[in-house]
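Asks: If you read the sequences in order, they're chains A and B. Each step along the first sequence adds one to the number in full-length UniProt numbering, with nothing skipped, and position 50 is 50. Each step along the second sequence adds one to the number in full-length UniProt numbering, with nothing skipped, and position 45 is 45. Backbone N, C-alpha and C define an ideal beta-carbon position, used for all residues, glycine too. Treat the numbers as computed from the prediction; the structure is a model and nothing was measured.
Number of protein chains: 2
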Amino acid sequence: MYGLIGQFRSHPGQRDALVAILMENVEGMPGCISYVVALDPKDAEAIWITEVWKDEASHKASLSLPSVKDAIARAMPLIAGFGMHQSTLPVGGTGLPGR
Amino acid sequence: MYGLIGQFRSHPGQRDALVAILMENVEGMPGCISYVVALDPKDAEAIWITEVWKDEASHKASLSLPSVKDAIARAMPLIAGFGMHQSTLPVGGTGLPGR
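What follows is the structure in structure tokens.
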């Protein structure tokens with residue numbers, strides 16, 4: 001498995017719109033085992049994404065899906081900046097259906 | 001929902017033993033929706049945990065489960081230090097069964 005933990009921040013007042021775009025594609029991405037979109041409770045512009053993929057290739061392939069490319073194009077203007085970006089090697093746990 | 005993203009490091013050579021302890025209780029914790037244990041690919045001692053709970057109370061209650069208390073007692077001597085500890089407010093996504 002391949003994991004990602006990332007944080008980024010929206011422009012002021014744009015977080016909800018950004019979250020809505022991020023949520024469009026959480027279902028149906030081949031090789032995606034877990035994809036959780038979360039708000040930062042202390043930073044009104046910050047979003048945390050935690051992802052688990054079958055492998056790194058699945059994640060890279062997802063970026064070429066037309067629906068994902070379209071979402072990225074609409075999301076980028078709402079993003080003020082990228083924070084933490086950490087890859088991981090998930091060992092196991094709960095909430096990993098279909099792995 | 002209530003989320004946690006945390007990193008901590010084992011003493012040298014103890015990461016696998018620490019992961020094994022962490023994996024003992026990933027099933028059966030009331031209110032636990034997702035709990036993923038992952039290795040850091042660039043730091044041989046670092047572990048990342050990403051969690052999604054029904055609510056913060058469920059997470060706090062889990063720390064009083066006898067099996068969890070026992071695991072914590074055995075894990076602590078293997079931990080060299082705690083890094084990032086971030087709470088989140090998960091909005092949704094995949095890999096969230098039973099929420």
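Counting only runs that start and end within the UniProt domain "ABM" (2 to 89) of chain A, where is the beta strand (DSSP E) found for 3 or more residues in a row?
Replies: Counting only runs of 3 or more, we get 2 to 10, 32 to 39 and 46 to 53.
Asks: For tyrosine 35/B, I'd like the list of residues in its chain whose CB is within less than 6 Å of its CB, leaving aside the five on either flank, ordered along the chain.
Replies: So the qualifying residues of the chain are Val26 and Glu51.
Asks: Leaving out five residues before and five after leucine 89/B in sequence, what residues of the same chain have Cβ atoms less than 6 Å from its Cβ?
Replies: Excluding positions up to five away in sequence, the list is empty.
Asks: In chain B, what lies closer than 9 Å to leucine 96/A by C-beta?
Replies: The contacting residues are Ser34, Val36 and Gly95.
Asks: Which partner residues of glycine 92/B appear in the DSSP bridge assignment?
Replies: Partner(s): Val37/A.
Asks: Of the choices Arg9/A, Tyr2/A, Met1/A and Ala20/A, whose alpha-carbon is the least far from that of glycine 81/A?
Replies: Minimum Cα distance to glycine 81/A is reached at Arg9/A.
Asks: Excluding the 5 residues preceding and the 5 following glutamate 24/A in the sequence, name in chain order all residues of the same chain whose CB lies nearer than 6 Å to its CB.
Replies: The answer, listed in chain order, is Ala71.
Asks: Give me the residue from Leu78/B, Ala44/B and Gln86/B with the minimum Cα distance to histidine 11/B.
Replies: Checked all of Leu78/B, Ala44/B and Gln86/B; the closest Cα to histidine 11/B is Leu78/B.
Asks: Kindly say whether glutamate 27/B, judged by its beta-carbon, lies nearer than 8 Å to any beta-carbon of chain A.
Replies: Answer yes: the Cβ-Cβ gap between glutamate 27/B and chain A drops below 8 Å somewhere.
Asks: Is valine 19/A close to chain B, meaning its C-beta is less than 8 Å from at least one C-beta of that chain?
Replies: With 8 Å as the cut-off, valine 19/A counts as an interface residue toward chain B.
Asks: Please check the pair methionine 84/B and glutamine 7/B, which I expect to be a contact at CB under 8 Å, by giving their CB distance rounded to whole angstroms.
Replies: Their Cβ separation, rounded to whole angstroms, is 5 Å, which keeps methionine 84/B and glutamine 7/B in contact under 8 Å.
Asks: Taking CB distances under 8 Å as the criterion, tell me whether glycine 81/A reaches chain B.
Replies: Glycine 81/A does not count as touching chain B.
Asks: Given a cut-off of 8 Å on the beta-carbon distance, is the pair glycine 95/B and alanine 38/A in contact?
Replies: Their beta carbons are not under 8 Å apart, which means glycine 95/B does not touch alanine 38/A by this criterion.
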